[in-house]
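Protein chains in written order, with this note's numbering: chain Z, 51 to 370; chain Y, 1263 to 1692.
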């Protein structure tokens, strides 16, 4: 697709969703619509004056109950490039015992009349709960092990730009599936776009019922990588997992870390992805992470484009 | 002294005797003084007469698992408000779980509850005494002294004892006093941070699962210890197909073991959680539909002895939270009977079996006189319209808390009159 800068959001039909909480809420055409919108946002960030006026006068609050450098700055840059007033709020605690409840926080922020809240929270369903208590649009920037919809969208955009298509590809998602919201959103999105999905992980990092969410399930990395077009690695929370979920980092790396030997089983033109932040030497060989097949920095760039598209779509659409 | 009361033209359903036929009951001095099935009953001249018009007259329900907020959390529920809800639901006696503040782990607290309930509650409150001090699973409480004060059984309520050795000692000591141990079986390390049934649905929601084995493994242990010690043992609430099999096998060898189930696990399944609805976050998680079918069959076949409400009032502050952070529990005193009648209306379980699980079986397990319609039995009775249609509206419920797992449910069957000790404590008004 040619890189023609977006003029206005009016080029697209109105987006009918008020919030973006879960990929599961989106129909296939809405996913494609968001990817097309994001495609048009890519050149905006590449031109000298990186701005569009579409969200001028709007207020965006980034409410992060979990620390995140890259997602928060990506949303901040996306909002600012569209002309929105962006306020960052980091909330250190999310537990009831430590004071204000999530619902209280929602009511307080709602009274400041923002147009969109971008929320990350450590508990699954927290963003959904918050969206029920506010009058503005809400974007899920990650809720526990539930979903991270903009990550799945930016991954899909990255794949589409590198492969020229999405449907019909085979994508492997490898690592800590059980605790990963990125894996869940990607499985839902890729499934909706008729991608063959594989999950590859040791049994104890596979959640119950995963065979219903992925096309195929593998516990052997080499077996699972055979003939795939895309390899998505997941971050292993090794500080938490070591000794509990897996015996050691070195054993994990030996069997599930992506190195040249294992990558050789994938298609010769397979690309390597990672949502970041990476643990080099835990789930991925540094040489692969920084090598020619890695599209990890492209993912970061597409992240801004996708978030611009989502903000624009939610805030300029028909809202009842 | 109140006047004698005659209830005539009733369909008398008494599970203890297997009775289901037309008849009349005469109540004097708080007890059933005469019972006439088909034939005439001698009626004193001054008796008040109630024509039941063919409604079901059954023993008042005995609910084996109810949490209140008194003492400690009176804003959630008091003995008085729980009593109102119970009366409206046809529950004439309930076993109160010891998870209060302070916990019921001492004769003085049992004594307080007995007196306080007499003064404020419309129905009989039967305290369960904690097995361990502060229900912490470490040190035994004084079983004998608490029994003397009025405790009807021993239970740590929603807490589960992890130490096998301590449990063995508790069971041996309870057998000494012939007290029933009512134990909620949860392997805490296996349940871990789980908040709902383990499976595809938990995975989709991104919530940590509680495997069925977190219930069945300690249940197997308990049943072996029960056989070892000879204690009367009641599995507080089971929820899985595997548990039904384990209890069935144990019952073949040991007549002193019984099992209970929450009405929630009979009527609901994990899909009711929908999008993180916290009223469906329960101490014993809602399981799959396959499990639900299995426990219904367990009830029908007699493997499961009792049905209770698991009434657990929680305020909106602790419920309006992300699912993993919300408190567990749902209220259920007022909806217990109507929800249980769903199983009758769907032809899954006969009426006598369903009522038995809430009347004569709990009475036998706890050693109570109530729970049957017989001469000289306490006059704890309910008149029920089995088909009365109604919809649950949380604002209409009498509990101080609103966390019902049957919000907006359409139910058939309602208590028209509740009688405790010969006194009418609830009368349905249209």
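Where is the CB? At the ideal position from N, CA and C, for every residue including glycine. The structure displayed is predicted, hence computed values, not measured ones.
Residue 202/Z is outside the set of residues whose beta carbon lies under 8 Å from a beta carbon in chain Y.
Listed in chain order, the positions of the region 1524 to 1554 of chain Y with a beta carbon within less than 7 Å of a beta carbon of chain Z are 1537 and 1538.
The beta carbon of residue 175/Z sits closer than 8 Å to those of 193, 194 and 196, all from its chain and outside the five residues before and after it, given in chain order. Annotated as proximal: residue 365/Z and residue 166/Z, with beta-carbon spacing under 8 Å. For residue 1584/Y, a Cβ of chain Z is located within less than 8 Å of the residue's own Cβ. In the three-state scheme derived from DSSP, where H, G and I count as helix and E and B as strand, residue 230/Z is classed as coil. The beta-bridge partner set that DSSP reports for residue 1495/Y consists of 1443/Y and 1519/Y.
In the DSSP assignment, residue 1283/Y falls within the beta strand (DSSP E) that extends over 1281 to 1290. As the crow flies, the alpha-carbon of residue 1641/Y is around 30 Å from that of residue 1668/Y. Per DSSP, the beta-bridge partners of residue 1686/Y are 1681/Y.
With a beta-carbon spacing of about 19 Å, residue 1331/Y and residue 1355/Y fall beyond the 8 Å limit used to define contacts. Listed in chain order, the positions of the region 246 to 269 of chain Z with a beta carbon within less than 8 Å of a beta carbon of chain Y are 257, 258, 259, 260, 262 and 263.
Per DSSP, the beta-bridge partners of residue 267/Z are 249/Z. In this chain, the alpha helix (DSSP H) harbouring residue 1463/Y covers 1462 to 1467. Neighbours of residue 361/Z in chain Y, taken as residues whose beta carbon is under 8 Å from its own, are absent, since the nearest beta carbon is some 24 Å off. DSSP lists 136/Z and 166/Z as the beta-bridge partner residues of residue 110/Z. Taking a C-beta distance under 8 Å as the contact criterion, residue 1277/Y and residue 1618/Y qualify as a contact pair. No residue range can be given for residue 1473/Y, since it is assigned to no beta strand (DSSP E) and is classified by DSSP as neither H nor E.
Not a single CB atom of chain Z sits nearer than 8 Å to the CB of residue 1452/Y. In the DSSP annotation of this structure, residue 119/Z is not part of any beta strand (DSSP E), being labelled neither H nor E.
At the C-beta level, residue 1414/Y and residue 1437/Y stay beyond 8 Å of one another. Within the region 265 to 331 of chain Z, the runs of alpha helix (DSSP H) that reach at least 4 residues and sit entirely inside it are, in chain order, 271 to 275, 288 to 291, 299 to 306 and 310 to 313.
A distance of 8 Å or more separates the beta carbons of residue 281/Z and residue 303/Z. The C-alpha of residue 1461/Y lies about 15 Å from the C-alpha of residue 1554/Y.
Around the beta carbon of residue 1670/Y, fewer than 16 other beta carbons lie within 10 angstroms, which makes this residue exposed. Remark: C-beta atoms of residue 1366/Y and residue 1388/Y do not approach each other more closely than 8 Å. The residues 1349, 1350 and 1680, in chain order, have a CB closer than 6 Å to that of residue 1688/Y in the same chain once the five nearest residues on each side in sequence are set aside.
Taking a 10 Å sphere around the C-beta of residue 91/Z, we find 16 or more other C-beta atoms and assign the residue as buried. Per DSSP, the continuous alpha helix (DSSP H) segment holding residue 1558/Y begins and ends at 1551 to 1563. None of the residues of the region 1425 to 1453 of chain Y has a beta carbon lying less than 7 Å from any beta carbon of chain Z.
Leaving aside the five residues that flank residue 103/Z on each side, the residues in its chain whose CB is nearer than 7 Å to its CB run, in chain order, 133. DSSP places residue 1270/Y within a strand segment (E or B) once states are collapsed to three.
Under DSSP, residue 1361/Y takes part in no beta bridge, so it has no partner. Straight across, the Cα-Cα distance linking residue 1551/Y with residue 1626/Y is about 31 Å.
Any Cβ of chain Z closer than 8 Å to the Cβ of residue 1465/Y would place that residue at the interface, and such an atom is present.
Inclusion of residue 1677/Y and residue 1352/Y in the CB contact set at 8 Å is warranted, their separation being smaller than that value.
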